[in-house]
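Numbering (the numbering used here), first residue to last: 49 to 262.
For glycine and all other residues, C-beta sits at the position ideal for the given N, C-alpha and C.
Just so you know, these numbers come straight off a predicted model, no measurement behind them.
Report on the structure given below.
In structure tokens form, the structure reads like this:
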């Protein structure tokens, strides 16, 4: 039995090590893409690119939280997922505000820049998604991280569609609609992550000898 426990402990340590390496890579990619997309969003006057860049920044913070709690208890991981849900909700509301501001100014964004940077962001997030796919069922922390990556791909695709429509119509509306769509997507996912993390935190508390999660 001791040998079995040792084997399981080694297996768990191996899994945690693999998770840490994946999260470190994904963190670096998202942090780099934040600066690329934010600069391009300002240059192109694109709300969609700016919104996606802020999402990249949010993901960088999220993955940092994930690395911090990777070797901690279930309660710590549930708290991290709760924090991630709150971050996602905040960025969703931020996108709504930015979309409204862009609509008021009425400046049509630069479609070629949107297409080029949107394609780069899609490739970067596709790489991150492939790394996170195998860990999506490991625990609540990695599942919420995988959900973030999935939403990134959807948002990147929407940015490309918006860029094509802006080029075709010479209108600000595709950029506005995509901004609102990204906000709705992330707000709905935030609700899901918050709900799951609250349930996980409740289970961790019930399993604690003193009824308090550590």
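Have a look at residue 250 and residue 244 and give me their C-alpha separation to the nearest angstrom.
-> Along the chain shown, one-based indexing puts residue 250 at 202. Along the chain shown, one-based indexing puts residue 244 at 196. Approximately 10 Å between the Cα atoms of the pair.
Mapping DSSP to helix, strand and coil, what is residue 143?
-> On the chain shown, position 95 is the one that residue 143 refers to. Helix, per DSSP.
8 Å Cβ cutoff met for residue 212 and residue 161 | Residue numbering aside, residue 212 sits at position 164 when the chain shown is read from its first letter. Residue numbering aside, residue 161 sits at position 113 when the chain shown is read from its first letter. Cβ atoms of residue 212 and residue 161: not closer than 8 Å.
Have a look at residue 173 and residue 196 and give me their C-alpha separation to the nearest angstrom.
-> Here residue 173 refers to the residue found at position 125 of the chain shown. Here residue 196 refers to the residue found at position 148 of the chain shown. Between residue 173 and residue 196, the C-alpha separation is close to 10 Å.
Is the beta carbon of residue 71 less than 8 Å from the beta carbon of residue 98?
-> Here residue 71 corresponds to residue number 23 of the chain shown, with the count starting at 1. Here residue 98 corresponds to residue number 50 of the chain shown, with the count starting at 1. It is not a contact, given that the beta carbons lie outside the stated cut-off.
Nearest-angstrom beta carbon gap, residue 74 and residue 111 [assumed within contact, 8 Å] = Reading the chain shown from its first residue, position 63 is the one you call residue 111. Reading the chain shown from its first residue, position 26 is the one you call residue 74. The pair is a contact, with the Cβ atoms about 5 Å apart (cut-off 8 Å).
Limits of the alpha helix (DSSP H) - the one that residue 173 falls within = Within the chain shown, numbered from 1, the residue matching residue 173 stands at position 125. 159-181 is the extent of the alpha helix (DSSP H) around residue 173.
Cα-Cα, which of 210, 232, 241, 149 is closest to residue 167?
-> If you number the chain shown from 1, residue 167 lands on position 119. The shortest Cα separation from residue 167 among 210, 232, 241, 149 belongs to 210.
Using alpha carbons as the reference points, say which of 147, 106, 202 lies closest to residue 221.
-> Start at 1 with the first residue of the chain shown, and residue 221 comes out as number 173. That would be 147, whose Cα lies nearest to the Cα of residue 221.
Identify whether residue 93 lies in helix, strand or coil by the three-state DSSP scheme.
-> Here residue 93 refers to the residue found at position 45 of the chain shown. Coil, per DSSP.
Of the residues 198, 237, 208, which one's Cα is nearest the Cα of residue 225?
-> As a working note, residue 225 is residue 177 in the chain shown. It is 208 whose Cα lies nearest to the Cα of residue 225.
Comparing alpha-carbon positions, which option in 79, 214, 234 lies nearest residue 138?
-> To locate residue 138, count along the chain shown from 1; it is residue 90. Closest option to residue 138, Cα to Cα, is 234.
Return the chain-ordered list of same chain residues with a C-beta closer than 8 Å to the C-beta of residue 206, the five sequence neighbours on each side being excluded.
-> For the purposes of this step, residue 206 is identified with residue 158 of the chain shown, where counting begins at 1. So the list reads 96, 226, 229, 230, once near-sequence residues are dropped.
Buried versus exposed, by CB contacts within 10 Å (16 or more), residue 145 | Locating residue 145 in the chain shown gives position 97, where the first residue counts as 1. So residue 145 ends up on the exposed side.
Excluding sequence positions up to five away, which residues of its chain have a Cβ less than 7 Å from the Cβ of residue 85?
-> The count along the chain shown starts at 1 and reaches residue 85 at position 37. These residues qualify, in order along the chain: 97, 100, 101, 104, 165, 169.
Check residue 207 in the structure and name its three-state DSSP category.
-> In the chain shown, residue 207 corresponds to position 159, counting from 1. Here residue 207 sits in helix by DSSP.
For residue 113 versus residue 131, is the C-beta distance shorter than 8 Å?
-> Stepping through the chain shown from its first residue, residue 113 is reached at position 65. Stepping through the chain shown from its first residue, residue 131 is reached at position 83. Result yes, Cβ atoms of residue 113 and residue 131 sit closer than 8 Å.
Burial state of residue 216, where buried means 16 or more other Cβ atoms lie within 10 Å | In the chain shown, counting from the first residue as 1, residue 216 sits at position 168. Exposed, because fewer than 16 other Cβ atoms sit within 10 Å of the Cβ of residue 216.
Once you ignore the five residues that flank residue 158 on each side, which residues in its own chain have a CB closer than 6 Å to its CB?
-> Here residue 158 corresponds to residue number 110 of the chain shown, with the count starting at 1. Counting only Cβ-Cβ distances below 6 Å, and skipping sequence neighbours, we find 92.
Output yes or no for whether 8 Å exceeds the beta carbon distance between residue 136 and residue 203.
-> Taking the chain shown and counting its residues from 1, the one referred to as residue 136 is at position 88. Taking the chain shown and counting its residues from 1, the one referred to as residue 203 is at position 155. Cβ distance not < 8 Å, so residue 136 and residue 203 don't count as in contact.
Cα-Cα separation between residue 199 and residue 246, rounded to whole angstroms | Position 151 of the chain shown holds residue 199. Position 198 of the chain shown holds residue 246. One C-alpha to the other measures close to 21 Å.
If you count every other CB in all the chains shown that lies within 10 Å of the CB of residue 89, and 16 or more means buried, which is it?
-> Against the chain shown, residue 89 aligns to sequence position 41. Buried, because 16 or more other Cβ atoms sit within 10 Å of the Cβ of residue 89.
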